[in-house]
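Below is one structure; the comments refer to it alone.
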Amino acid sequence: MATQGIEQPHVQRPRGKTSSGGRKPADAGPLTAYLFMAPYLVLFTIFIVVPVVFGIWVSFHNWDPLLPVKPFVGLQNYVDLVTPGSTTFGPFWKSMGATGKFTLYSVPLLVVIPLLVALILNREFRGRNFFRATFFAPYVLGVAVVGILWRFLLDPNVGLVNYYLGVLGMPDNIPWITALPWAWVSLVGVTVWWTLGFNTVIYLAGLQDIDPALYDAAKVDGANGWQRFVNVTLPGLRPVLLFVITVTILASANMFGQSYVITQGAPGEETTTAIWYIAEQGLRFFKMGPAAAMSYILAAALAVVSLANFALFRYRGD
Amino acid sequence: MTQQTARAEHKDGRGGLGRLLGLLPSYAGMILLTLVFVAPLLWMLSTSLKPNYLTTRFPPQWIPGTYSGEGYSTILTTNSGNPVLQWFLNSLIAASAHTVLVLLTASTAAYALARMHFRGKNLMFVVIVLTLVIPQFVFLIGNYLIVQYFGWLDTLLAVIVPGAAGAFGVFFLRQFFVSLPMELEEAALIDGANRLQIFLRIILPLSKAPLATLAVLSFLTNWNDFLWPVYVLLSPKSLTLQPGLAILQGAYNTNYTVIMAGGVIASIPVLILFAFAQRYIIEGVSRSGLKG
Amino acid sequence: MGRGRARGRVLTRQDFLLLSAGAGAGLALAGCGGSQSDLETAGSGGKSYNGPKVSLAFWNGFTGGDGPYMQKLVDQFNSEEKNINVSMNTVEWETYYQKVPAAVQSGQGPDLGIMHIDQLPTNAARGVILGLDDVASALKLKENDFVPVVWKAGEYNGKRYGIPLDIHPLGFYYNKSVMEKAGLNPDQPPQTKDDYMAALQQMKGKGIQGHWMSPFEFTGGLTFRALIYQFGGQLYNKDATKATFNSDAGVSALTWMVDVVKSGYSPKDVAQDAELTAFQNGKNAFMWNGIWNINPLDAIKDLEWGAAQLPQIGTQKGAWANSHNFVIMNKRGQDPNKVAAAKVFINWISHHSEEWAKSGQVPARNSVRDSQTFKSLQWQPVFAKEISYVQFTPPVPGIADVYYGSLDPAINEAVLLKKEPKVALDEAAGKADQLLKENKQKYQAA
Chain V
19 MATQGIEQPH
29 VQRPRGKTSS
39 GGRKPADAGP
49 LTAYLFMAPY
59 LVLFTIFIVV
69 PVVFGIWVSF
79 HNWDPLLPVK
89 PFVGLQNYVD
99 LVTPGSTTFG
109 PFWKSMGATG
119 KFTLYSVPLL
129 VVIPLLVALI
139 LNREFRGRNF
149 FRATFFAPYV
159 LGVAVVGILW
169 RFLLDPNVGL
179 VNYYLGVLGM
189 PDNIPWITAL
199 PWAWVSLVGV
209 TVWWTLGFNT
219 VIYLAGLQDI
229 DPALYDAAKV
239 DGANGWQRFV
249 NVTLPGLRPV
259 LLFVITVTIL
269 ASANMFGQSY
279 VITQGAPGEE
289 TTTAIWYIAE
299 QGLRFFKMGP
309 AAAMSYILAA
319 ALAVVSLANF
329 ALFRYRGD
Chain Y
236 MTQQTARAEH
246 KDGRGGLGRL
256 LGLLPSYAGM
266 ILLTLVFVAP
276 LLWMLSTSLK
286 PNYLTTRFPP
296 QWIPGTYSGE
306 GYSTILTTNS
316 GNPVLQWFLN
326 SLIAASAHTV
336 LVLLTASTAA
346 YALARMHFRG
356 KNLMFVVIVL
366 TLVIPQFVFL
376 IGNYLIVQYF
386 GWLDTLLAVI
396 VPGAAGAFGV
406 FFLRQFFVSL
416 PMELEEAALI
426 DGANRLQIFL
436 RIILPLSKAP
446 LATLAVLSFL
456 TNWNDFLWPV
466 YVLLSPKSLT
476 LQPGLAILQG
486 AYNTNYTVIM
496 AGGVIASIPV
506 LILFAFAQRY
516 IIEGVSRSGL
526 KG
Chain A
-7 MGRGRARGRV
3 LTRQDFLLLS
13 AGAGAGLALA
23 GCGGSQSDLE
33 TAGSGGKSYN
43 GPKVSLAFWN
53 GFTGGDGPYM
63 QKLVDQFNSE
73 EKNINVSMNT
83 VEWETYYQKV
93 PAAVQSGQGP
103 DLGIMHIDQL
113 PTNAARGVIL
123 GLDDVASALK
133 LKENDFVPVV
143 WKAGEYNGKR
153 YGIPLDIHPL
163 GFYYNKSVME
173 KAGLNPDQPP
183 QTKDDYMAAL
193 QQMKGKGIQG
203 HWMSPFEFTG
213 GLTFRALIYQ
223 FGGQLYNKDA
233 TKATFNSDAG
243 VSALTWMVDV
253 VKSGYSPKDV
263 AQDAELTAFQ
273 NGKNAFMWNG
283 IWNINPLDAI
293 KDLEWGAAQL
303 PQIGTQKGAW
313 ANSHNFVIMN
323 KRGQDPNKVA
333 AAKVFINWIS
343 HHSEEWAKSG
353 QVPARNSVRD
363 SQTFKSLQWQ
373 PVFAKEISYV
383 QFTPPVPGIA
393 DVYYGSLDPA
403 INEAVLLKKE
413 PKVALDEAAG
423 KADQLLKENK
433 QKYQAA
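Written out as structure tokens, the structure reads:
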């Protein structure tokens, strides 16, 4: 890669001085810097900073964008969300439950299985790059393509999955889409199929970064395969593991497309995730106040989870 | 590659055949896994080439007994409810424009953050990077209102511009620019070049690989964007391919040859892109993991 | 505005990008296009169109079998009226009421469309649709040209917002073969409570579950709404400040539904649309469903079925119905010529709605219902008999959404035997009152 060709030793120089140590070159003043930053900063301000702040403002109102008046309600939207019996409490926490369930079911699989695959691929393996690319391929397809394909495959009557189950002598009428717990199995299974390659690639990069000398040292000490894994591989992978777990949790908590296309949130509202509920309330029913409040509550919950994850990893090691 | 040879030397000293046998179960596993990943895609292709009545016939015909283009012809002919070709074009325009916008804004900002000195630089960088961990839905409602205010609802601008504010490109390119040796730029500065010239004539040519990676990743992200277009693109003619497919599924219900044809049309461009740019994509993804 | 918008062809993607860039830059140009009152008086109220050539975007949610019937009417109109070209777009109803207001407010989207009658006040309050009083007066449309209840329900705040196209009520479908199997007379569907219950009991004796009770809006929710009217109750009070579906009438209605399940006349856990599938497969005998099933059922070979008015389970006759209405959009920057043309289109379709009746609807216009064409249809006239006693919800903004947050889950839980009817309804009424209050607050100042 081009980067490697350029990788010459990077000599540290004090700022503003040149190799000749003489006059400072006519460098650009801060104006140039601001000009360089400006295009991105404009976008950043308008589409990242403003929405976050504006969203908080919206959450303090009963905000319907199609009506001229948006009455101020203070913290009422938030209070409603934690008061059982309010109109938003039930459906919101049910959707949070759906998100929670999906995250709980999918994250372990999405963290462990790709690791196993990466471990296998990491050995002296002909065709590693081919397999790596093949497993990664579904990830470049959008969730809509993946969704409509699996909706067809998982159809209880005409889908291939039930057909082949029948061929193998197992029950061939499993309601993958319309009944629990099968709907969850479908959603998690499809997600693993779709994103396994992504985590595998990251693990592979991490594994290849581990110094083989450490393995040798372990072998010399008489460690067997499992012990080498626990004492060399896992610690070596720690930052990568942290990254994968965090990213996977966030991605699972954001799940929308799979439910929307495959189960349509059914049965009832069982697989309607929090994101979907928020988007529906805010952008379909135009109840933006409560929807904004919900999104901040969900964001706070995710922040707590991420921090806990981080702390756990910090603590474990040193 | 030195690591690999080192590892090879350190394998248990079994002979070549023994090693091969030891790896057999692994190979078998990987081949099985490959089947699991590839078979559904083949089925999608196969279904799209069948006449509708054959798509649900059992035993399943992986190779269609009869070929039919009715799936494709149905969705490709002018169809006011579901103009798939229009959707394809919309996705293409949106993803391309988005990519260009990202490259332009992220590269300049990344360079300023990497090499220039100005007040507030560190603070800005920290704030920008922090937004990387904020989940997308936090911006959802606010962005909708902003897009509505600008009159971009139901137009491609709504799906081109807001996404370009993401911090990934800036972060990614800045890491790269920082890794470039300073001598080249300093030499140019002494020769009287200004920052813009340095940026255009020295930095950018050296950055072809990360720029290509960022371009491919941005294109893919925009092409596959789903939730946001579902809510901001309204008229049937304005949709992009992803929300369009969801509507196609609703409209055509059990006409699987049409639905799968839609899926194939949506997949071909990204799979081609993947085949050619696979290296960039995978390296890009690997790198992001290591940085974390 | 004379911007060349009325070009008679669809704008390209480039045009949209340019226009929206312009729109983004020139937001304050409120002078562009007609103001709401300008548009409301544009043209001659729909009698005739004398302006330049225009093309209209007409949106509706007729994604199923209804679509082609409307398309046929649109095509006929286009061939007759040379200066107006209407292009029809179907957007499924689930997303319709989100997309239309958002699109109209941004100046995109449809010029005119169809809306259900219970959505009119909401969209009127939001300024999404235009008042149509001048259409009514120019065409000399009066209450007695239409079914009174549907004519009245199209008014909000003293202004008319919809021209009714049809009424689609809930009816009583019966599977003749299943009735025969149980020893019932297939040409005499029960119409009184006693006859109905006796029939169900007789079928139960032969091992048939005669009335599959759905816990979902379609069709359990519709059934409830018909029944509460039959027991003399209402869903809400007149100005929709309070929910009244937990009255004795409501409790009686829901209790009857639950008893059907408890007595074994229905399976305990009817899935969405399972009552329809079972009806088609000969497992269900009686189904209360909408008139829109006429054509799909006719298409099924070997299915012997009939339709009748809903049996009277309560103390009076009552039925649920909804109504498709024509509305004209209050599009940002709209060309008054387009509005004038839209009114002509609406008037034309209103006169030609016999064709629409064939799609499985009851025309709202009296003259059309009295026509030979309509009377010669097999089932639509049966449903038309219910028109005199159908009821709608009060014309209050946001009313349609109150149902989903309150009554819908309550009916669901009661029919699934998870909650007692009275308990479920009382809880739901509490939630509904809250929602009604929020709506009032929100729409008050509008």
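Residue numbers (the numbering used here), protein chains in the order written: chain V, 19 to 336; chain Y, 236 to 527; chain A, -7 to 438. Built from N, CA and C at the ideal position, the CB exists for glycine as well.
The three-state secondary structure of I200(A), taken from DSSP, is coil. Beta-carbon to beta-carbon, A393(Y) and V467(Y) are separated by about 4 angstroms, close enough to satisfy the 8 angstroms threshold. According to DSSP, W340(A) shares a beta bridge with no other residue. Secondary structure remark: continuous alpha helix (DSSP H) runs of at least 4 residues inside the segment 379 to 429 of chain Y, in chain order: 392 to 395, 403 to 414, 418 to 425.
The Cβ of G101(A) sits closer than 8 angstroms to at least one Cβ of chain Y. Collapsing the DSSP output to three states places N431(A) in a helix.
Below the 7 angstroms Cβ cutoff, chain A contributes A95, S98, Q100, G101 as neighbours of D389(Y), in chain order. Within the same chain, and ignoring the five residues on either side of T121(V) in sequence, the residues whose Cβ sits closer than 7 angstroms to its Cβ are I267, S270, A271. Within the DSSP secondary-structure output, F278(A) pairs in a beta bridge with Y166(A), H203(A). Contact of F303(V) with chain A is assigned, a C-beta pair being separated by under 8 angstroms.
The beta carbon of G485(Y) falls within 8 angstroms of a beta carbon belonging to chain A, placing the residue at that interface. Contact annotation, K91(A) with L469(Y): C-beta distance approximately 4 angstroms; criterion of less than 8 angstroms satisfied. Here D240(A) has F223, G225 as same chain residues with Cβ atoms under 8 angstroms from its own Cβ, once five neighbours each way along the sequence are excluded. Secondary structure note for I106(A): its beta strand (DSSP E) is the uninterrupted segment 104 to 108. Following the DSSP letters along the chain, one finds T82(A) inside the beta strand (DSSP E) bounded by residues 76 to 82. Ranked by how close their Cα comes to the Cα of A332(Y), the residues Y491(Y), A496(Y), T456(Y) have T456(Y) in first place. Of the candidates F303(V), T50(V), S104(V), I296(V), the residue whose Cα lies closest to the Cα of M114(V) is I296(V).
When 8 angstroms is used as the limit between beta carbons, V78(A) is near no residue of chain Y, the shortest such separation being about 11 angstroms. Residue burial is scored here from C-beta neighbours: M279(A) has at least 16 other C-beta atoms within 10 angstroms and is therefore classed as buried. Put simply, the backbone Cα of A330(Y) is about 16 angstroms away from that of A341(Y). For the segment 255 to 337 of chain A, the full-length beta strand (DSSP E) segments reaching 3 residues or more read 278 to 282, 297 to 300, 311 to 314, 316 to 320 along the chain. Looking at the backbone, the Cα of D265(A) and that of P113(A) are separated by about 30 angstroms.
The continuous stretches of alpha helix (DSSP H) do not include W81(V), and DSSP gives it neither H nor E. Scanning its chain for C-beta atoms nearer than 7 angstroms, with the 5 sequence neighbours on each side dropped, one finds around W211(V) the residues P156, in chain order. Secondary structure of D418(A) (DSSP, three-state): helix. Within the DSSP bridge table, the entry for S47(A) names N77(A) as partners.
About 7 angstroms separates the Cβ atoms of S324(V) and V368(Y), confirming a contact at the 8 angstroms cut-off. Of all alpha-carbon atoms in F511(Y), G519(Y), T492(Y), G497(Y), the one lying nearest the alpha-carbon of P299(Y) is that of T492(Y). Taken atom to atom, the span from the alpha-carbon of I379(A) to that of D418(A) is near 30 angstroms. Ranked by how close their Cα comes to the Cα of G283(V), the residues L259(V), G47(V), Y58(V), K112(V) have K112(V) in first place. Residues of the segment 69 to 97 of chain V with a C-beta atom less than 7 angstroms from some C-beta of chain A are N80, D82, L84, L85, P86, V87, P89, listed in chain order. In its chain, beyond the 5 residues on either side, P156, V208, W212 have a beta carbon closer than 7 angstroms to the beta carbon of V164(V). Between R292(Y) and the set N175(V), L61(V), L232(V), F107(V), the nearest pair of CA atoms involves N175(V). For T50(V), the enclosing alpha helix (DSSP H) has its first and last residue at 48 to 62. Taken through DSSP and simplified to helix, strand or coil, D158(A) comes out as strand.
Contact between the segment 94 to 107 of chain A and the segment 381 to 401 of chain Y is present: three or more C-beta pairs spanning the two stretches fall below 8 angstroms.
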